[in-house]
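What follows is a single structure, written as structure tokens, with notes after it.
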Amino acid sequence: MNSKIATLIGFILLAALSRFLPHFPNFTPMMALALFSGAFFTDKKQAFLIPLAAMFLSDFFLGFHNLMPLTYLCFAVTVGMGMWLQQHRSAGSIAFTALASSVLFFTVTNFGVWAFSGMYSKSAAGLATCYIAALPFFQNSLMGDALYTVTLFGGFALLERMVPKLRTV
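End of the sequence shown = 175 in my numbering, gap-free, step of one.
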């Protein structure tokens, strides 16, 4: 295993382990981790499997819930967004994809809560109520995704400058 791959895996494992630290609801590194993995792993299989394995292992200890398929779907789509960044890496495109992944997660998972939980009436008003109730969690997701995206992308860029052999695959 080359040093770049080992370093990327280290970043991913540290981010996944941070889920065990106390944090605000939805203020986690997971969408940033997915984006980062897609952006830096040139092997598509590694880009998906390594972060998905880290997420699965942390979920194994934290617990699963009935909306996990939607969560993992959003995670996988975000890895795909990160792959797009391999050819379009700029501060603006990183910020855009981080925001897009937050919106994707919010939209899909809260639709799932509305559709499958029985907490809200199956009407347009029930769906709107579900999304409105989730806005504080969305705020936390946006802040967490922004912080962790800057930390992962910025930290790795800084490390690449300090250790030139990390710039190669």
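Backbone N, C-alpha and C define an ideal beta-carbon position, used for all residues, glycine too.
On a predicted model such as this, the values are computed, not experimentally measured, just so you know.
Go through its chain and collect everything with a Cβ distance to residue i's Cβ below 7 Å, but skip five positions before and after it.
i, result
"T34", "R25, G150"
Under the assumption that residue i contacts residue j (Cβ atoms under 8 Å), give the Cβ distance between them as a whole number of angstroms.
i, j, result
"G160", "G88", "That belief does not hold up - the Cβ atoms of G160 and G88 are roughly 15 Å apart, past 8 Å."
"S108", "S147", "5 Å"
"T84", "L110", "7 Å"
In chain order, what residues of the same chain have a beta carbon less than 8 Å from the beta carbon of residue i, not counting five sequence neighbours either side?
i, result
"F81", "M36, M37, A40, P57, L58, M61"
"L19", "A60"
"A106", "M87"
Are the beta-carbon atoms belonging to residue i and residue j less than 7 Å from one another?
i, j, result
"L55", "G118", "no"
"T157", "A104", "no"
"L172", "T13", "yes"
Could you pull the start and end residues of the alpha helix (DSSP H) that residue i belongs to?
i, result
"K10", "9-23"
"N146", "141-155"
"L164", "161-168"
Given residue i, which residues of its chain have a CB within under 6 Å of its CB, disregarding the five upstream and five downstream residues?
i, result
"A21", "P35, L39"
"N32", "F143, N146, S147"
"Y2", "The chain is shown from 7 up to 175; residue 2 falls before or after that span and cannot be answered."
Exercise. Can you give, in chain order, each stretch of the beta strand (DSSP E) that sits fully within the region 43-126 and has at least 3 residues?
Worked result: Within the region 43-126, complete beta strand (DSSP E) segments of at least 3 residues are not found at all.
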